[in-house]
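The end of the sequence shown is residue 1053 by the numbering used here, with every number in the run present.
The structure under discussion appears below in the form of structure tokens.
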Amino acid sequence: MSTMTLPAAPRAILFDLDGTLADTAPDLAAAVNLLRTARGLAPTAYEILRPTASAGARGMIGASFGLKPEDEGYIELRDGFFSNYEAAMAVHSGLFDGIAALLAGIEAAGLQWGIVTNKSKRFTDPLLPQIGLAHAACAISGDTTPHPKPHPAPLLEAAKRLNLAPEQCWYVGDDLRDIQAGKAAGMLTIACGWGYCGPTEPQHWQADYLFQHPAELLVLMQNTLSGGALAA
């Protein structure tokens, strides 16, 4: 059996939120479908909305109404979507299978974990305690720094708040922009195939690793900390 060289052990693991730690698509979809039913339109199928969930209002409104941010009528829909979501953001949202065990394993190993999301602070701060993520070592929202992902600024801010160099952190996400931001920040990047993953296939994102379940990430972390070889 051949072996692969392990990466350096991390001091912290940072995560995207929607589609990575938490399955928030049901409540995002409900918020946009309230806009449709209020206008006498049939709801958009969940199967159409789920892949766009990581893109927030832009993705939801684009999939449900076919509008882009520059289009007439988009701002009104966006503001209505925000109001609907703010009123019911944790009705059906929760952690993905295996995430609670992964976070417990990170903490048991003496490492830190944090959140870097493009979600506005308006939604991030009230949502985290409702889905069991209030104990994150840091939570960087899309409006915490002047530039959201794929710019590296939010990831660099997270590392700064944890008193770590960027290269001491891993970043995990379910969207191409997550991997782009992580690479630009100098972090090891991990694409999570259990997330929403958007319009492109994660195997094409050039992430350092692609995992289909959080347990695989936990194994990699434990192997790097123990200095063991990773079987190929």
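Glycine included, C-beta positions come from ideal geometry on N, C-alpha and C.
In this text the structure is predicted, and so the values were computed from the model without any measurement.
For Y1030, the enclosing beta strand (DSSP E) starts and ends at 1030 to 1032. Taking C-alpha positions only, L838 is separated from A1012 by approximately 13 Å. When DSSP assignments are scanned along the segment 852 to 906, the uninterrupted stretches of alpha helix (DSSP H) that are 4 or more residues long and fall wholly within it turn out to be 867 to 870, 877 to 886. Between the C-alpha atoms of M1008 and G861 there is a straight-line separation of about 47 Å. L1031 is a Cβ neighbour of G1014, given a cutoff of 7 Å.
Between C990 and L827, the C-beta gap is not smaller than 7 Å, which leaves the two residues out of contact. In chain order, L1009, T1010 place their CB closer than 6 Å to the CB of D1029, counting only its own chain and leaving out the 5 sequence neighbours on each side. Per the Cβ contact rule, the segment 891 to 908 is not in contact with the segment 924 to 939 (fewer than 3 Cβ pairs under 8 Å). Membership of V937 in the beta strand (DSSP E) is indicated by the continuous run 933 to 937.
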